[in-house]
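Below is one structure, written out as structure tokens; comments come after it.
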Amino acid sequence: SAAPQQLHHRLVFETSQGNRQVVDGVRIPVSTTSPPVLGPPLAAGSWLVHEGPGNAQSHHWGSVVAVNGQTTIPQRYAIDFFGLDATRHAVKVERTSRLKPVTESGGGRCWAA
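Here our numbering is used: position 19 in the sequence shown is 358, and no number is missing along the way.
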């Protein structure tokens, strides 16, 4: 089916006294532009993707940092990539020799690799 033209949040709940409550949120328009096509962030090869943003138990999720009086979780969308050898084991190399070029996706900027 076609994508909706807008998103609307509505919360319906019952209070401890048994009263039904409805809270309507704002309506958000849905973009009609095509989504960007993202390429792989690393060079060809076998990579294990670990501790990604879908893992709420990841150490990245718990990295709360206070900056200028505001808390933030700068690593929330961080992903760890491990190179795999032909036997699908993590590659064991010296730290300086394991650095691989990182490709920015969708016009983004790579801050560190």
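Ideal Cβ positions, reconstructed from N, Cα and C, are used throughout, including at glycine. Keep in mind it's a predicted model, so treat the numbers as computed, not measured.
Rounded distance between the beta-carbons of residue j and residue i, thought under 8 Å
i	j	result
Val365	Val351	Actually they do not touch by this definition, with Cβ atoms about 17 Å apart.
Val430	Pro380	Rounded, the Cβ-Cβ distance is 17 Å, inconsistent with contact.
Within 8 Å, strictly: CB atoms of residue i and residue j
i	j	result
Pro392	Ser402	no
Leu387	Ile367	no
Gly378	Gly422	no
For residue i, the first and last residue of its enclosing beta strand (DSSP E)
i	result
His428	Unbroken run through His428: none, as it is neither H nor E.
Val388	Ser385 to His389
Simplified DSSP state of residue i, which is helix, strand or coil
i	result
Gln360	strand
Arg349	strand
Arg415	coil
7 Å CB neighbourhood of residue i in its chain, flanking five on each side removed
i	result
Thr371	none
Ala342	Val369
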